[in-house]
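There are 2 protein chains.
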Amino acid sequence: MDFSARATIRDLAKAAGVSPTTVSHALNGKGNVSERTAERVRRMAAEMNYRPSEIARGLQQQRTGILALIIRPFRTLDTVLPNGVDYFLRVVGTASLAAMENNYTLMLVDDPSRPGVPFGAQAADAYIVTEPYENDPVLTYLSQKRKPFLTLGADPARKDAFISIDEGSARDVELMLSHLTRAGAGRIAIVTGTDRNQWNLATLEAARAWLDTHGQEPLVMSVPEVEGENAGEAIVDEFFGAADRDRPDAIYCLTGRHASGVVRAALSRGIRVPQDLLVAAASGSIQNRVESPTITTLDLKPEEIARTAVECAIELAEGRPLQAVPAPPPATLDIRESTTR
Amino acid sequence: MDFSARATIRDLAKAAGVSPTTVSHALNGKGNVSERTAERVRRMAAEMNYRPSEIARGLQQQRTGILALIIRPFRTLDTVLPNGVDYFLRVVGTASLAAMENNYTLMLVDDPSRPGVPFGAQAADAYIVTEPYENDPVLTYLSQKRKPFLTLGADPARKDAFISIDEGSARDVELMLSHLTRAGAGRIAIVTGTDRNQWNLATLEAARAWLDTHGQEPLVMSVPEVEGENAGEAIVDEFFGAADRDRPDAIYCLTGRHASGVVRAALSRGIRVPQDLLVAAASGSIQNRVESPTITTLDLKPEEIARTAVECAIELAEGRPLQAVPAPPPATLDIRESTTR
DNA sequence: CTGAAAGCGCTTACAG
DNA sequence: CTGAAAGCGCTTACAG
Chain X
470 MDFSARATIR DLAKAAGVSP TTVSHALNGK GNVSERTAER VRRMAAEMNY RPSEIARGLQ
530 QQRTGILALI IRPFRTLDTV LPNGVDYFLR VVGTASLAAM ENNYTLMLVD DPSRPGVPFG
590 AQAADAYIVT EPYENDPVLT YLSQKRKPFL TLGADPARKD AFISIDEGSA RDVELMLSHL
650 TRAGAGRIAI VTGTDRNQWN LATLEAARAW LDTHGQEPLV MSVPEVEGEN AGEAIVDEFF
710 GAADRDRPDA IYCLTGRHAS GVVRAALSRG IRVPQDLLVA AASGSIQNRV ESPTITTLDL
770 KPEEIARTAV ECAIELAEGR PLQAVPAPPP ATLDIRESTT R
Chain S
470 MDFSARATIR DLAKAAGVSP TTVSHALNGK GNVSERTAER VRRMAAEMNY RPSEIARGLQ
530 QQRTGILALI IRPFRTLDTV LPNGVDYFLR VVGTASLAAM ENNYTLMLVD DPSRPGVPFG
590 AQAADAYIVT EPYENDPVLT YLSQKRKPFL TLGADPARKD AFISIDEGSA RDVELMLSHL
650 TRAGAGRIAI VTGTDRNQWN LATLEAARAW LDTHGQEPLV MSVPEVEGEN AGEAIVDEFF
710 GAADRDRPDA IYCLTGRHAS GVVRAALSRG IRVPQDLLVA AASGSIQNRV ESPTITTLDL
770 KPEEIARTAV ECAIELAEGR PLQAVPAPPP ATLDIRESTT R
């Protein structure tokens with residue numbers, strides 16, 4: 470029934486009949502405290518519902534308890550929470566909760582190198598940077614400032630320079646392209662975004678390799694992510710405007726919204742999906758599950774990635790070296806109407 | 470080129486040739502500092518890129534700089550970031566950014582009264598509680614603990630007890646029901662969720678009043694939010710299993726996923742949408758924009774609500790009384806195929 | 001095994 | 001108008 474102030478370490482020390490030092494030692498398992506004393510302190514702490522002030526601890530230990538999440542493509546997307554790009558939202562939500570469970574607080578940050586950024590953006594204990602660009606200045610900044618950070622997707626120009634969870638693996642590409650082949654595709658076109666990040670670049674590279682191995686000429690196109698569904702017309706123009714022999718019988722888009730646009734553009738020209746053309750996306754969005762036809766996508770497991778990233782970030786924040794660079798979870802296939810004949 | 474520690478108030482004081490006290494006064498506009506001195510301090514601060522430690526300030530002022538966002542329906546939804554329920558995601562994203570812009574950090578919190586909650590969840594400077602339930606224990610807890618908070622949607626049992634941004638206004642109901650009428654509806658059925666929150670209860674009440682005014686018998690049903698699209702069958706059974714004279718020619722669901730389910734269930738029974746049945750939703754989700762037929766929804770402006778909520782929460786956090794209880798932004802209508810004959 | 005003291009970087013009564 | 005001092009709630013060398 471204590472409606473007022475929270476108990477401090479002094480209150481607890483007094484109640485347990487010891488000094489604040491001993492309380493601190495007992496609760497943090499430091500120093501040499503007799504088990505009898507430690508037990509008494511812990512019991513009193515529970516009884517008083519004592520919770521050490523992270524603020525005071527932070528001041529002492531020069532920590533803020535803040536984890537910063539920097540979503541690099543944020544500004545290239547058309548709204549703050551872009552429709553159809555739920556990948557990042559799932560990352561944010563899961564990361565927030567994972568951080569909280571570990572007594573950290575997650576802060577969505579724009580660009581920490583910008584002058585006048587809020588304190589927390591500058592003073593986070595560790596940073597998670599999603600989809601860094603080639604030679605990304607944010608990574609350069611963080612590394613110069615000696616801030617602990619990891620990236621989701623490597624900086625394509627500095628692959629092994631920083632800790633990162635890789636993206637666009639050959640395994641995921643293989644998963645989708647062999648599915649398309651089994652579904653009847655003989656000539657697969659690839660559509661990436663134009664952002665220079667590992668996701669686009671590594672996927673493209675892996676796809677080229679796969680196509681080469683399987684004797685297919687690469688049919689490749691890059692379209693700005695921000696065009697979303699509107700890109701469909703241009704993509705279909707590109708691949709179906711040319712002579713017959715060049716036409717693909719499957720289009721694999723990295724972003725779900727491009728795939729949606731492709732389906733619509735194809736249907737409007739009498740190209741049937743999936744009968745005449747298979748369409749699939751790598752990073753799916755909700756709409757791909759409900760539009761007609763539904764579109765096959767990869768499930769890239771953003772929740773798992775977010776959770777792993779937060780756990781790694783906390784290790785870094787607390788000064789523990791990472792045992793191993795974490796591997797991304799294997800994607801799985803969500804097969805839907807657009808690739809089911 | 471300072472790669473190491475940040476400047477502290479002492480560094481700045483030394484550089485400006487004054488005491489830390491004077492620095493503090495000058496930068497915070499307190500005390501009486503000569504304009505000449507203040508100007509010098511500000512100039513040096515900018516030069517050294519001095520940023521006061523929010524941690525130290527927080528310890529001193531007993532503030533954490535944390536705003537907690539409690540999404541009450543969180544656990545009743547089927548995943549952490551439920552598909553089709555993008556309303557909350559848009560709130561979270563916008564609130565995160567708005568908080569950051571004001572030097573606060575937003576923390577997604579589950580239940581702050583649960584024993585063992587993280588520090589931040591217990592020590593936030595202010596709380597925002599979305600969709601509280603009737604006699605919500607979380608509100609009781611916060612109010613007993615004297616924590617500043619506001620709610621998005623009032624506690625239906627304690628309407629004026631706490632600061633809240635109202636939901637389910639008669640104006641929004643009127644907007645949708647008169648649209649349905651103009652679109653040809655003569656007998657409108659209403660489907661709410663089962664959570665006992667203001668959104669469900671106030672909307673239902675306003676809808677009943679509207680129907681009464683317009684000479685329609687109320688055709689009403691409540692279905693658990695968590696059933697999502699699966700609820701469609703039961704809803705259509707309910708309204709189309711009965712004798713002819715009771716059948717609605719329009720169904721208005723509060724949640725977008727229910728509306729999706731209704732459309733699917735109706736179509737599978739040969740009830741055409743919109744020809745035989747108009748369908749609309751209040752809280753739309755992405756899928757309603759892309760499924761076929763697309764479904765008419767209200768845009769409840771979650772971004773605006775989130776931003777307003779954060780601004781109010783900060784006022785409360787900093788001990789300033791709210792000038793006025795904020796009004797929710799008026800919803801607008803997104804008319805789509807499901808109500809266009 | 002235990003505790004007094006200093007200090008993390010600020011703010012704020014108070015004295016001058 | 002300016003600054004020395006105390007204190008916010010912790011942690012950690014250090015002394016006993």
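Heads up: the sequence lines are chains X and S, in that order. So the first sequence is residues 470 to 810, counted in the numbering used here. So the second sequence is residues 470 to 810, counted in the numbering used here. Note that the Cβ used here is the ideal one computed from N, Cα and C, for glycine as well.
| query | result |
| --- | --- |
| Boundaries (first-last residue) of the beta strand (DSSP E) holding Ser752(X) | 747-752 |
| Three-pair Cβ contact test at 8 Å for the segment 629-640 of chain X versus the segment 664-674 of chain X | yes |
| From Gly486(S), Val492(S), Ala514(S), Leu767(S), residue whose alpha carbon lies closest to that of Leu644(S) | Leu767(S) |
| Minimum Cβ-Cβ distance from Asp480(S) to chain X less than 9 Å | no |
| Any C-beta of chain S under 9 Å from that of Gln744(X) | no |
| Distance between beta carbons of Pro743(S) and Glu806(S), contact taken as under 8 Å | 7 Å |
| Neighbour-count burial assignment, Leu550(S), 16 or more Cβ in a 10 Å radius | Confidence in Leu550(S) is poor, its pLDDT being 44 and thus under 50, which makes the residue's placement unreliable; the coordinate value appears in the next sentence. With 16 or more Cβ atoms within 10 Å of its Cβ, Leu550(S) is classed as buried. |
| Thr533(X) at chain S interface by Cβ criterion, 9 Å | yes |
| is_contact[Ala592(S), chain X] using C-beta, thresh 9 Å | yes |
| Exposed unless 16 or more other CB atoms sit within 10 angstroms - verdict on Thr801(S) | exposed |
| Outcome for Ser729(S) when other beta-carbon atoms lying within 10 angstroms are tallied against a minimum of 16 | buried |
| His727(X), buried or exposed, once every other Cβ within 10 Å from all chains shown has been counted against 16 | buried |
| Chain S contact for Phe588(X) (CB, 9 Å cutoff) | yes |
| Closer than 9 Å at the beta carbon, the chain S residues around Glu760(X) | Gln756, Val759, Glu760, Ser761 |
| Close beta carbons around Val560(X), own chain, < 6 Å, minus the five adjacent residues each side | Pro771, Ala775 |
| Supposed close pair Ala749(S), Thr763(S) - CB separation, criterion 8 Å | Not really, about 11 Å apart at Cβ, beyond 8 Å. |
| Glu686(S) versus Ser582(S) - alpha carbon distance | 43 Å |
| Ala700(S) versus Ala595(S) - alpha carbon distance | 37 Å |
| Sheet register partners of Tyr721(X) (DSSP bridge) | Ile659(X), Ala749(X) |
| Proximity of Ala834(X) and Val759(X) at Cβ, strictly below 9 Å | Missing from the structure shown is residue 834(X); chain X here goes from 470 to 810 and no further. |
| Short-range partners of chain X found in the segment 720-738 of chain S, where Cβ spacing is below 8 Å | Ser729 |
| Cα-Cα separation, Gly562(X) to Asp555(S) | 12 Å |
| Minimum Cβ-Cβ distance from Ile524(X) to chain S less than 9 Å | yes |
| Coarse secondary structure for Ala639(S), derived from DSSP in three states | helix |
| For Leu769(S), the three-state DSSP class (helix, strand or coil) | coil |
| Minimum C-alpha distance to Ile597(S) - residue among Thr663(S), Phe557(S), Phe588(S) | Phe557(S) |
| Three or more C-beta pairs below 8 Å linking the segment 613-630 of chain X and the segment 474-491 of chain S | no |
| Minimum Cβ-Cβ distance from Asn518(X) to chain S less than 9 Å | yes |
| Selection from Val695(S), Glu694(S), Gly725(S), Met690(S) that minimises the alpha carbon distance to Phe709(S) | Met690(S) |
| Where Asn666(S) falls: helix, strand or coil (DSSP) | strand |
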